[in-house]
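What follows is a short report on a single structure.
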Amino acid sequence: MPLILHGLTPLHWAVGGAGIALITLALLFVANRRLGISTGLEDVCSYVLPVPYFARDAVRGARHWRLPFIAGLVLGGFLSALLGGGFAPTWDLGIFDQVIGFGPAGKLAWMFVGGLFIGFGTRLAGGCTSGHGICGLARISPRCWLSTAAFWGTALAVTWLFAWVGRR
Amino acid sequence: MGALYQLAFGCVFGIVLTRTGASDFDAMVRMFRFEDAHLFALAGVTTAAAALGLWALLRSRWGAGVRVVARRVHPGSIPGGVAFGIGWGLSGSCPGTALAQLGSGHLVAGFTVAGVVLGNLLFERFGRKVGAPADVCS
């Protein structure tokens with residue numbers, strides 16, 4: 247199935263999976279870093295709210311690599327668009343617009359609320375899809391397996407709930 | 200120099216997330232609705248390849264300096280995962296894919312990222328009593 251982005255054909259899952267695994271291993275091998283994103287976003291908070299909690303070592307001590315890494319993610323998305331047919335900013339969002347609709351303001355509010363849950367939840371769990379889901383599963387960390395099961399299961403249920411509500 | 204390496208790593212990660220459809224709202228919905236196994240397969244291959252690669256790396260002579268830690272379950276593990284899962288289901292993105300989405304020109308992701316940052320701030324104010332891990336896995 248084509249991507250929303252320029253209707254591109256997605257990379258094969260085996261190629262993509264091997265690629266992400268290689269990045270995870272390269273981070274460990276080259277720099278001894280365990281892949282993770284959400285803590286980098288937590289560090290962004292330390293610029294917004296200068297409190298001791300965000301300045302603790304687990305967060306700020308890793309600033310020198312987490313911040314360039316998450317900046318790279320944005321750049322990677324940008325390059326993909328540029329090379330895949332041009333950078334064309336849009337407010338559209340595929341299936342969302344058809345099933346849930348809600349108008350432009352409603353959609354932005356929806357995403358913002360989604361983000362709130364992500365931000366709060368990843369801090370409470372101590373990780374997200376990359377730290378718990380990819381790196382944590384690979385290194386057989388019990389906390390990561392438990393949290394990963396919880397967020398996959400919940401996200402699946404939430405998607406089915408909204409698909410069900412959207413159809414009525 | 201180290202920062203440039205990390206920028207490059209992040210950039211490659213962003214390209215893979217975007218081009219595989221991991222940061223694609225429709226692909227995410229199709230996975231959760233069991234309409235398309237593409238992202239399930241991607242997640243499976245990623246985890247298996249990373250686990251096997253890590254196992255091999257740790258047993259090779261290059262693995263001597265690599266530190267791998269397994270973290271114990273804490274009180275926030277399940278409720279935190281559930282809260283994050285609600286956000287994932289609502290927005291169709293996680294912290295990493297939201298950033299890649301934003302870069303690729305999906306402006307709605309800017310609101311997701313802003314929500315994540317405010318969610319972190321709210322956690323600092325109201326969530327820490329629930330039981331936050333001192334260390335992080337992400």
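Chains as they are written, first to last, in my numbering: chain A, 247 to 414; chain B, 200 to 337.
Glycine included, C-beta positions come from ideal geometry on N, C-alpha and C.
What separation, rounded to the nearest whole angstrom, lies between the Cα atoms of residue i and residue j?
i      : j      : result
B/D235 : A/V297 : 44 Å
A/F315 : A/L295 : 21 Å
A/T368 : B/S290 : 14 Å
A/L268 : B/A249 : 7 Å
A/H310 : A/N278 : 13 Å
A/G352 : A/G262 : 33 Å
B/L257 : A/W356 : 43 Å
A/G360 : B/S222 : 15 Å
A/R385 : A/A272 : 14 Å
B/V211 : B/Y204 : 11 Å
B/A242 : B/C293 : 14 Å
B/R270 : B/A299 : 28 Å
A/L325 : B/S303 : 7 Å
A/A401 : A/S376 : 15 Å
B/R266 : A/V276 : 12 Å
B/M227 : A/G330 : 20 Å
A/W337 : A/M247 : 21 Å
A/C291 : A/C374 : 17 Å
A/W391 : B/A247 : 14 Å
Indicate whether at least one CB of chain A lies closer than 9 Å to the CB of residue i.
i      : result
B/R258 : no
Can you find a CB in chain B that lies within less than 9 Å of the CB of residue i?
i      : result
A/F348 : no
A/P335 : yes
A/A277 : yes
A/R369 : yes
A/R306 : no
A/P314 : yes
A/V411 : no
A/G352 : no
A/A301 : no
A/P256 : yes
A/P388 : yes
Could you pull the DSSP bridge partners for residue i from this structure?
i      : result
A/T336 : B/H305
For the alpha helix (DSSP H) that residue i lies in, which residues bound it at each end?
i      : result
A/H310 : R309 to L329
B/D223 : No alpha helix (DSSP H) holds B/D223; DSSP gives it neither H nor E.
A/F408 : P388 to R413
A/E288 : S284 to V294
A/M357 : G349 to A371
A/R306 : D303 to R306
When Cβ atoms are compared, which residues of the region 268-285 of chain B fall closer than 8 Å to chain A? V268, A269, R270, R271, V272, H273, G275, S276, I277, P278, G279, G280, V281, A282, F283, G284 and I285
At a Cβ cut of 9 Å, what residues of the region 241-252 of chain B count as close to chain A, listed as they run along the chain? L241, A242, G243, V244, T245, T246, A247, A248, A249, A250, L251 and G252
Where the region 307-323 of chain B meets chain A: residues whose CB sits under 8 Å from a CB there: The region 307-323 of chain B vs chain A, Cβ under 8 Å: V307, A308, F310, T311, V312, A313, G314, V315, V316, L317, G318, N319, L320, L321, F322 and E323.
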